[in-house]
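Residue numbers (the UniProt record's numbering): 1 to 186.
From the three backbone atoms N, C-alpha and C, an ideal C-beta is built for every residue, glycine too.
Predicted model only: the values in this text are computed from it and were never measured.
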């Protein structure tokens, strides 16, 4: 809302209409007045760093998703879910840093939550001149389990006929002449 004074009202209306360098000549009570405004009062936010549309990470490494914007006044960064709800920090799972970066710290596989780790988010930058939203950011955490790996190498003149692998053991059937077997647990 522009103030009631005629001079201030005209200046306010011109600043709102142009939002660029302003040079205007106003006739007020028979006098000519020139007003210069070098900086716009408001400039809508624009992303200087917009997040990627897809982010995949492992639970053992975690990830950070940066988002920043510029504008006048300086924009405030918020993250929202796909339904528009503003994100709340979840201890050990997700939080937003003061610079607008969305952080997913490393977490144990048993703490995986689909509503957090397989979700769609948006970064929003807002100031007095407006709001701009990023593209949808599809986040997906991959659970890495540390299971031992067994490598089996068999050197023989004959071909292996069958190999059965179960959870904790394996059986090999075949005819071997002077076999040499090497087992490695990685």
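Quiz prompt | Where the alpha helix (DSSP H) through residue 116 begins and ends | solution = As a working mapping, residue 116 is identified with position 116 in the chain shown. 114-117 is the extent of the alpha helix (DSSP H) around residue 116.
Quiz item: Is residue 102 buried or exposed, if buried means 16 or more other CB atoms sit within 10 Å of its CB?
Solution: Here residue 102 refers to the residue found at position 102 of the chain shown. So residue 102 counts as buried.
Quiz item: Of the choices 52, 45, 117 and 64, whose alpha-carbon is the least far from that of residue 77?
Solution: Stepping through the chain shown from its first residue, residue 77 is reached at position 77. Taking only the C-alpha atoms, the option nearest residue 77 is 45.
Quiz item: On the premise that residue 89 lies in contact with residue 68, defined as a C-beta separation below 8 Å, what is that separation, rounded to the nearest angstrom?
Solution: Here the question's residue 68 lines up with position 68 in the chain shown. Here the question's residue 89 lines up with position 89 in the chain shown. With 8 Å as the limit, residue 68 and residue 89 do not qualify as a contact, their Cβ atoms being about 19 Å apart.
Exercise. To the nearest angstrom, report how far apart residue 136 and residue 53 are at their CA atoms.
Key: Here residue 136 is taken as the residue at index 136 of the chain shown, counted from 1. Here residue 53 is taken as the residue at index 53 of the chain shown, counted from 1. Roughly 6 Å separates the two Cα atoms.
Quiz item: Can you tell me whether DSSP reads residue 85 as helix, strand or coil?
Solution: Within the chain shown, numbered from 1, the residue matching residue 85 stands at position 85. Residue state, collapsed to three classes: coil.
Quiz item: Counting only runs that start and end within the UniProt domain "Ig-like" (45-138), where is the beta strand (DSSP E) found for 3 or more residues in a row?
Solution: 54-58, 63-65, 68-72, 76-81, 102-104, 118-127 and 130-133
Quiz item: Among the residues of its own chain, which have a CB less than 8 Å from the CB of residue 50, if the five just before and after it don't count?
Solution: As a position in the chain shown, residue 50 is number 50, starting the count at 1. Excluding sequence neighbours, residue 50 sits near 67, 123, 134 and 135.
Quiz item: Apart from the five residues just before and just after residue 120, which ones in its own chain have a Cβ nearer than 8 Å to its Cβ?
Solution: Stepping through the chain shown from its first residue, residue 120 is reached at position 120. Answer for residue 120: 81, 82, 136, 137, 138 and 139, listed in chain order.
Quiz item: In terms of alpha-carbon separation, which member of 92, 41 and 125 lies closest to residue 110?
Solution: Stepping through the chain shown from its first residue, residue 110 is reached at position 110. Considering only alpha carbons, the answer is 92.
Exercise. Could you tell me whether the Cβ atoms of residue 104 and residue 145 are closer together than 8 Å?
Key: Residue 104 sits at position 104 when you count from the first residue of the chain shown. Residue 145 sits at position 145 when you count from the first residue of the chain shown. Not a contact, by the Cβ cut-off of 8 Å.
Practice problem: Please classify residue 130: is it buried, with 16 or more other beta-carbons within 10 angstroms of its beta-carbon, or exposed? | Solution: Indexing the chain shown from 1 puts residue 130 at position 130. Exposed.
Quiz item: Which of helix, strand or coil does DSSP assign to residue 144?
Solution: Indexing the chain shown from 1 puts residue 144 at position 144. Looking at residue 144 - three-state DSSP - the assignment turns out to be coil, as it is neither helix nor strand.
Quiz item: How many Å lie between residue 74 and residue 57 at the Cα?
Solution: Residue numbering aside, residue 74 sits at position 74 when the chain shown is read from its first letter. Residue numbering aside, residue 57 sits at position 57 when the chain shown is read from its first letter. Computed Cα separation, rounded: 31 Å.
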